[in-house]
Structure formats: C-alpha cells, structure tokens
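Residue numbers (full-length UniProt numbering): 1 to 183. Backbone N, C-alpha and C define an ideal beta-carbon position, used for all residues, glycine too. One structure is given here, and the rest of the page talks about it.
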C-alpha cells in the first residue's frame, strides 16, 4: 500500500513526511523536520492520493478529519462568582420529633431547653466551621420557641437573624447570617 518516496501525513498528529522504509507492520518516515519515525500503516495517509481517500470514506475532507483528531482547546479557568442560591445552607429542624425518638415523660420546659441548647450548639458549630448561613426551622406554634431563639441570637455580636425565605420554609423558620470577619 505504501512505497518508498510516498508523501504521507500521520492521522493522529500534525506530522508530515516521506516514506523511507517499508516493512509488513512498520513504515518508517522522515518528517519535514528531518526525524525518522516508525508508524503502523493504519496511522498514515497518502498525501498525493487524497482525492481517492476522500471518495473511499464518503467524500469527507481530510482537513475535517484532522480537526476531529486535534485536541480541543484548553478551557480558561476563570472563577465564576456563585450566586447566593448555590451556597451551602445548614438547615436545623428544631421540632421535638426530629430531636428525640420519644418525647414521652418530657415537660414543656425540658423540650424548650433541649431545642434552645440544640440551636446554640449548631450556631457554635457554624461559627467554628465558618459557615455563612444557617436556617432554624422552629414551626409556628405559640411563638415561645421563636422568642427564645431571638433572645439566644441577640447574645451574639457577629450574627444577623431574620425570617427565612417564606417560599421555601413558610412562616416557621429563622435565617441566621454569620459575619465572618468580625474583630
């Protein structure tokens, strides 16, 4: 198929050259730069015979084939600013059913104490781990837990709290925003 003196190009590389040696399994070419390289016959394409080759593969252009084999351009890694929707938000459900497997035998005072202690532990955890936001789901009820949470949040200088997103959480949730660079 290849003979000495044929002009060839390498299918998967941008290398052109002339055949200098032909064996059954290996074809040696001298590149345009003067190097001798060995290739398998299926890795080479005749340059002088491109019209016949194009007809045999369904009239595709050699340049199109080379473009397909070229490595894609490297992407530039420009850091994109994340929207506030994409950031992680710790959600803590303070409903007593979520905190203990069985509330039987617990007084209202015990339940309220457990809920506020859980909220305080989660705030300390979020501050320690530099989390920007935490949402406490407390429910509507009579508002006693919400009042206790407001008092707890007011003791911290580096946090701001407000009602959480109504569409996502409804009325019974409070969002805490932790200011990280307070000195």
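DSSP-derived helix/strand/coil call for residue i
| i | result |
| --- | --- |
| residue 50 | Below a pLDDT of 50, predicted positions are generally treated as unreliable, and residue 50, at 49, falls in that range; no measurement from the model is reported. |
| residue 117 | helix |
| residue 112 | helix |
| residue 91 | strand |
| residue 11 | coil |
| residue 4 | coil |
| residue 35 | coil |
| residue 64 | helix |
| residue 173 | strand |
is_contact[residue i, chain B] using C-beta, thresh 8 angstroms
| i | result |
| --- | --- |
| residue 153 | The structure shown contains no chain B, having only a single protein chain. |
Counted within 10 angstroms of its Cβ, other Cβ atoms place residue i as buried (16 or more) or exposed
| i | result |
| --- | --- |
| residue 115 | buried |
| residue 161 | buried |
| residue 17 | buried |
| residue 6 | buried |
| residue 88 | exposed |
| residue 3 | exposed |
| residue 147 | exposed |
Residue i Cβ short of 7 angstroms to the ligand SAH heavy atom set
| i | result |
| --- | --- |
| residue 4 | This structure lacks the ligand SAH; in fact it carries no ligand of any kind. |
Integer-rounded CB distance, given that residue j should sit under 8 angstroms from residue i
| i | j | result |
| --- | --- | --- |
| residue 137 | residue 110 | In fact, because the Cβ distance is near 20 angstroms, the residues do not count as touching under 8 angstroms. |
| residue 36 | residue 11 | The pair is not a contact, with the Cβ atoms about 18 angstroms apart (cut-off 8 angstroms). |
| residue 171 | residue 140 | 5 angstroms |
| residue 152 | residue 122 | So it is not a contact: roughly 11 angstroms between Cβ atoms. |
| residue 26 | residue 38 | 5 angstroms |
contact_flag[the segment 169–178, the segment 125–136] where n(CB pairs < 8 angstroms) is 3 or more: With the rule of 3 Cβ pairs closer than 8 angstroms, the segment 169–178 counts as touching the segment 125–136.
Which ranges does the beta strand (DSSP E) cover as unbroken runs of at least 3 residues, wholly within the segment 135–161, from first to last along the chain? The beta strand (DSSP E) runs of length 3 or more contained entirely in the segment 135–161 do not exist; there are none.
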